[in-house]
Structure formats: structure tokens, C-alpha cells
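Have a look at the structure below before the remarks.
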Amino acid sequence: MSGYNYEEDSPLANKSNIPEKSFLESLSDDGLLEYIAGLSQEQGEDHGEQYSRGDYFHDKQKRQEKQDREFRERYGNGSELFSGISIYVNGFTKPGRLQLHEMVVANGGKFVHFLSCKGRVSHIIASNLPLKKRVELASYKICRPEWIVDSIEEGKLLPWQDYALLSDQDEIQPKLPQTAIVSCKHPDFLKQFFSKSRLHHLSNWKSDLRAEFCERFLEKPLRIPGKSEVVTVFHIDFDCFFASVSAAANGFDIHAEPIVVCHGTKNSDIASCNYEARRYGIRNGMWVGTAVRMMPRGKKLVRLGYDFEQFELMSKRFYQILHDSQFELVLPISIDEAVCVTGYLTHSECELICRGIRENVSNVTNGCTVSIGCGGSLVLARLALKRSKPDGYQIVDCDGLDDVFWSHLKIEDLPGVGHSLACKISEYSYPPIGNLLELRQMAQDSLRRCVGEKMGNKIYLAVRGKDDEESCKMIYEPRQFFQRKSLSIDINWGIRFDTIYEIDEFIDRCTQYLIDKLRELDKKTSQLTLKIMKRSKDEAIEPPKYLGMGKCDPVARSTRLGVPTDEFGVIATEIKSTFRSLCCPPRELRGIAIQFNKLEKTASNQAKLPFVDAKIYQNLPSDVKSEIGRELNKRSINIRRTAPKRINSYQEQFIQELPTQIRGEVENEIHITNKVNKTKFDEIKEQVAKRQNEKVNAKSHFLGENTILLPIKFQNQTNFKKIIQLVMNWVDGTIRSQGPHEKDLRLFEKYLQRLSDTNRLPLVLRICKLISVKLELRSEFFSHCNGFQEWEKVLLQMILPKLNKNKHTFQTVRKLDIDFDT
DNA sequence: GCAGTGTGGTAG
DNA sequence: ATCGCTACCACACTGC
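Just so we're aligned: the first sequence equals residues 1 to 822 in UniProt numbering.
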């Protein structure tokens, strides 16, 4: 951009078509005001150079001053409030430029329409100033229009500093509003973090676009090309989207200077950099500090912040153009990228489309450019796109598929091939393979040996310009392709906890976040995965990146829920207990991810669901039963239980309500224990102990220095979930025989007593509820057994009294909804 | 074989 | 300071 013409902002510049005589009279006319404001905005094409600038504007100003004098004589009240002050208005303000003009002139001030010579203007009025202008106007007194309004109202000239637009006039880099950092312990952490996370936005935008695509599909079934049909694929992608949009929004010329989009100054990720910056070797994903060091001495790297709203707006306009463009399919890849499909087109037809789209997009996005790759398959379009960048288009037809085309493409240019695979491939043979022309020589078998069956096939086809079956789904089964199959949340930044309770709360918030989304989708989940990032041994407590995760060991564990659910209690409890099973000391945690893996549609009408009578089911031979059980489970069909209410005796005592959460858990758990044939307590104990054996070391660490509360052990178990499992297995194993052994029972009571003595009554309650629900569900078949009656006795005479004794304490705790802990 | 689990990789 | 998300595929491994 060749210097700024401030004159452009003057409503009078280039406005010779407006009769000047009537100008002042029409000042109060809102319609005209808008009209003029609109005109001044449209002055993209600059005619300024046609004029002899000095003379033209000198005359203009003289005429203007004359008119102002006339205006003051007619409307002014003699006020000299702004005497000696001359203002210039930049950009849109409220009140508008014309009103400010009136106000200043009527009060004895000067109004200047352009900044042709320095020193003539005493103040600049602006409501907000693009970054570029901030730099240019740094030497002026810049203040908000309220200075004028308030001064007139007060009848005296108020200090302009109080209305200064910029707190620090020397500030050249974008100054983002300083918001206090919200720690991960704060309820607003997620919101705050996500609002600033580019990757979160990227992910969210992507799923929104996919969802929108599916909805569009429902409204108006799209024509899907037949598999034998010849198609033309356009792969369209913004050039350095974030950088371009941010640059345009801040008045920078994307071609003039190296620009990066980022949050910070040192160890902050570069989300996007323009091609000017890439000339110096700067790349997306690099840290800013590294990038700055790559700049030649004296050359400045411009850092811009994110403007997610603007990104969205530009993307919307982009997609609008694509939707208006008569493609048969517009497939969303991301916020700034789409694949469009048509039937066969000739080369020149493709060219016309590419040019049209590129021009249209540029027009509606303040000059942002898209590149387009066009070819007969997804992979060809994609490779052509790679070659077209930046700011170009490339159409490959069969005769364009020559050695030159392939030799200019790198291995990593292939879709689905990232750094890791590229290394594997290039190192597989000697001399190392460097481009796709060389890769074409590689035999299909060696490729498969090198990168695996599927990927080997995919690459073999790709370097021959063909799509593999998996990629084709995007075109031929788009609805299935874009259908959401899982839902998850990942946080690997800012995670610094001290206690397990803080983590519990965090898990609760994450779960709530997911459940809100889940319900919005009208879905339920039946499998959960918890993945955590744990600081690697010997790594610094604080990594170089502020609040970053540093080097971590990832650990994941998943759980099946017998029945698909969207209940907060069930899911949060499960995740919290899974977290405990991963044995991560609270202070070592650096990241958490929760996934809902299997999504099922919420049944609109439960009654219509098939069900199986529990009585019939229970009486089946055990091998048939387990097979059917698995099948029913898979289809999420409930076994209908018609258990008689035989437990009123203790129901009334304390547990009036049986939350569905607990019931679901026990049902699920019964289902699991049905599969287990071992029924003796000691055997089960052995089994669980064996499973846990390998974790003993990690565990002792966990409980050593980092746990605040001393653990309470039962049967050498410290993890409450495991203890519960143990107890439940115990109940199950003894219910149909003679009931619990006296010795075991004494140990159990001791454990309960210690729980109760250390204020862990919710845990006692939980055990109590679980046992009671279990008995209820089992009563139909085992109520005649000694074991069953023994267990009822235990519940009534041993467990409940402990709860009732502490009823008061317990209820206070319960209010806090603390379910259980270590 | 088969199904389920945890891990790794990729993309935007 | 700094905002290192998230969906989805493929594969190795395990247990039956």
C-alpha cells in the first residue's frame, strides 16, 4: 500500500456531485448522513492522484471554512468553547462525523476534513482505530467523541486525556485488553480458555459446518454423483486465512510486511503467517520467539491477535459464494476450506469457475485470496491446490499429469501423510525418497510393508491420481461421512491442580459441557474414555510455555456403560473413578480429555423399544444367557425387571428414593458380574488383587507425598471404586448361599467405622445404597436364600445405624453433592 | 478368527 | 506470559 491518503476519509473529497450550497442545510438529515458515510467507505479505488492534491484540498478547506463561518453565524450561540482547537474525525463515531462537525463549529472550533499537512489538527476524534492507523497517528492527541459531547454539556473544556483512545500512545503492537488470568480451578476457566483457543475454534467450526451440511441434506436431498460418473473436484482454500483476515481487519497490506497471528511474544504458537513471513523460514505452529530470531536484523515482524468473529464472518461469505455457485456438492473441510464437486467440465469451464470464485471471494473479504486446485479426483484436486498456492489456481487434466507435476510435490503433500509417515517413507529406501515422482517408483508391496496395509494402498493410488475407498466416501456417502460418531473435550493447557477434589470439580464441569452438547444432539453415550496427560518423569515442573503441558506421558482408559445414558451423575461418577484408577498424583496432571465414544440416538418413545422379561432371561441356560445378554447390551435393550417391592422395611428408614444413577450402575454391574462365575469372596479378592498388583508401585507414589487425606484401606484396596467393586462382588457371590462370612463382615464393619469416623459418610451412604439396590434387584430370585436374608440383616443392623447416627452431619455433606472420594 | 482396548497419527 | 482442540482412522495387542 503506497502511503495512506487521509483525504479518503473526508466526506467532501471526491464529492463534487453534492451541491456544496446545500451541504450544511442537510447536515441533520439522517438519510444523507448515511449516504455520505457509505460513499466515504467505498473509496477503495483511489482517485486522489488525479488531482493536484495541494491546490485541490487547499481550496476545499477554504470553502469549508467559509461555510463553517456562515453556519456559526446562523446557528451558533457565541460559545468559544473549542476556540483554537481543530479536530479531525477518523472512521465511524457516535455521534457521527457530521454531528461532531456541527458541534465543534457551533462552539468556535475548527473542523478539518483531511490531514494533508501536519500540525494543523490539534485533536483526532475516533471511537476505534485500526492498528495501522494507530501507528501512523501515534503523534496526535487521539480521543473519543465523548470528549466533545461531554465538554459541551459541562460548558467547559474537559481534559482530553480523560478521553484518550489509547492508554499508551507509544504502543505499536496490538494491546489486548488485560483480563486477569482465570485459573483452571475457577468455574469460568473452560469458557475463557476456549474463547481464546484457535484449535478449539477450528474444531468447533468444523463440526458446526459438518452438522450444517447434514441438515442441509435433510432439507433438500442433494444429488450424489454416481460412482461410475466422471466428476470434477475443486479444492478451495484461503491463503493463510487467519493472517489474511487479521491483516485486512487491522489495515495491513498482507504483501507488504511479514505478519503472524498469535497471542504472545515468546513461546506462543504462530497460528498463521503470511507468505512474506514464510520467506524468512517462518512457519505455522512455530513459536513467536523462534520466528522473531529468524528475521533479518532491523526488520520487524508484525504480530496480530485473533479476531474469531471476523474469521467467522469471512468464512460465511466464502461459503455463501460456493453455495451460490451451482456445484452439485459443497463439502465443508474447515472454516476456510471446502471441496466442491460437479460433473465433467472442460478445462476452460474449470478455469472460468476458478477465476469467478477467486474474484468473488476477494471482493467480499477485503481482498483475501483463495487458491484452488481442480482435478478429476479428490487427491488430484488436493495436489493441484498445493501447487497453486499462494494466490493462484491449477487445473490438472490427464495430460497435466506429467513428471514435472509429480516431481514438484513432496511426500508430505499427500493427504494423510504427516511428518511421521513422511520420515518413515523417505528412510525406507536408499537414497531417500524426496518427491512424489520417486515415490511413484515404489512397489505397492513395499509401500504396504513400510506404512501398513491401508495407508500403503492409499498412497499407491494417490500417486496415480486415484482416491482410495475411504476418501471416496466423502463424495459418495457424504451424509454418513459427515455424521458425528463421537464427542469429546480436551484440555492440555493451563492444567495445574493441587488436590483430587479440584480435579473432581473440573471433571464435573467438563462432563457438564459434554452432556450439554450430547443432549443438543439428542444422543446418549454408552462408552467413555478418559485420557490424561501426566508430566513425564524428570521433566521440569513448569515447561517453557507459560501454563503449557510440557513433555507428558499420555494414559487412557475407557469404560462401558451397560445402558446408553446422558445422565450427569452416571457419567461424572464414572470418569472420576476412572481418573483414580489411572493413579496420577494431582500435581502431576497436565491435561485431561474425556470422550463419549459410542453415540446412540435417544429413543423418542421408550415404550416402543423391545424389551426382554427378566424372568425368562434369568431362566435361560447360562451360555445362551450370556450370549443374548451381550447382544441385548449391544442394542441397548433393557431387561425388564418386575421385582416386587419387598424392601419397604429399610426403604422407610433412610433411603426413600433410589436415584436412577445408582440403579443404572448396579444394573450394569449385575450384568457384568453375571459373566463372572467365581462366587467366593476370597477368589474374587485374589483376582482383583492380581489385577491391581502391577500398579502397586505407582500407587504407593500416588498415596505417598501427594495425597492430602490419608487413605483408608479395605482389603488392601485404597481406591473407593475398586472397594465398591470388591464389596459388590462379595454380595453377589454370597447372596445365594449362606451370606457373608463372619470374619469378612468384621473387616467390613471396621472399614465402615473408619469411614464414618473420618467424616466420609457419603461413602458409607453410597455403599449402603448400592447394596440396597442390589438386594432389590436380586430379591425376585434370591429372596428365599439364606444369603439374601443375611445381607438384609447386615444392611439394617450394621450399615444403616451408622448412617442414622450421623444423620445430621451426613445431610450437610450431602447437600454439597460430594459423591465419593479416595 | 473375532471383538474389544489402548495408542499413534493426521488434519485443519 | 498464554489460551497445546478434537474427530476419526488404523493398527498392535489381548483374551477367548
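Backbone N, C-alpha and C fix where the C-beta goes; we use that ideal spot for every residue, glycine too. None of these values were measured; they are calculated from a predicted model.
Closest option to residue 367, judged by alpha-carbon separation, among 317, 583, 490: 317.
The C-beta distance from residue 462 to residue 414 rounds to 5 Å, short enough to meet the 8 Å contact threshold. Residue environment: residue 184 is assigned as buried (16 or more neighbouring CB atoms within 10 Å of its CB, all protein chains considered).
Measuring C-alpha to C-alpha distances from residue 557 to each of 364, 596, 247, 787 identifies 596 as the nearest. Here residue 727 is near residue 748, since their CB atoms are less than 9 Å apart. For residue 482, the enclosing alpha helix (DSSP H) has its first and last residue at 478–482. When DSSP states are grouped into helix, strand and coil, residue 485 belongs to the coil group. Per the coordinates, the alpha-carbon of residue 450 lies some 21 Å from the alpha-carbon of residue 406. The DSSP-derived three-state label of residue 111 is strand.
Assigned with DSSP and collapsed to three states, residue 255 falls in coil, not helix or strand. Separation of the CB atoms of residue 566 and residue 518 is rounded to 5 Å, and the pair is thereby assigned contact status at 8 Å. Contact between the segment 275–289 and the segment 221–234 is absent: fewer than 3 CB-CB pairs across the two stretches fall below 8 Å. Residue 186 and residue 587 have their C-alpha atoms roughly 16 Å apart. Minimum Cα-Cα distance from residue 750 among the listed residues 789, 714, 416 corresponds to 714. In this structure residue 306 is buried. Its beta-carbon is surrounded by 16 or more other beta-carbon atoms within 10 angstroms. Looking at the DSSP output, residue 341 bridges to 233, 329. In this structure, the straight-line span from the alpha carbon of residue 243 to that of residue 259 is close to 7 Å. Apart from sequence neighbours up to five positions away, the residues of its chain that approach residue 590 with a beta-carbon distance below 6 Å are 495, 533, 535, 549, 552, ordered along the chain. Sequence-distant partners of residue 69 (beyond 5 residues in either direction) whose C-beta falls short of 8 Å from its own C-beta are missing from its chain. Under DSSP, the beta-bridge partners assigned to residue 269 are 287. Spanning the alpha carbons of residue 217 and residue 477 requires a straight line of approximately 12 Å.
The beta carbon of residue 524 sits closer than 6 Å to the beta carbons of 564, 565, 566, 600, 602 from its chain, once the five residues preceding and following it are set aside; these are given in chain order. For residue 529, no alpha helix (DSSP H) segment is defined; the enclosing uninterrupted segment is the beta strand (DSSP E) at 523–535. Cα atoms of residue 383 and residue 373: separation of roughly 7 Å, rounded to the nearest angstrom. Residue 201 is positioned such that its CB atom lies closer than 9 Å to that of residue 311.
Counting C-beta pairs closer than 8 Å gives fewer than three between the segment 105–113 and the segment 127–136, which falls short of the contact rule. In terms of CA proximity to residue 604, 522 leads the group 522, 231, 570. Counted as a single uninterrupted DSSP element, the stretch harbouring residue 553 is not any alpha helix (DSSP H) but the beta strand (DSSP E) occupying residues 552–565. Judged by DSSP in its simplified three-state form, residue 165 adopts coil rather than helix or strand. For residue 384, the uninterrupted alpha helix (DSSP H) segment begins and ends at 378–388.
In this structure, residue 475 lies near residue 378, with their beta-carbon atoms less than 9 Å apart. Under the DSSP assignment, residue 595 falls in the beta strand (DSSP E) whose first and last residues are 589–596. Two segments are said to touch when three or more pairs of C-beta atoms, one from each, lie closer than 8 Å; by this definition the segment 343–360 does not touch the segment 190–206. Contact between residue 253 and residue 371 does not hold, since the beta-carbon distance rounds to 19 Å and is not under 8 Å.
Using a Cβ distance threshold of 9 Å, residue 547 and residue 578 do not count as a contacting pair. If you ignore the 5 residues before and after residue 440, its C-beta comes within less than 8 Å of the C-beta of 406, 463, 464, all in its own chain and listed in chain order.
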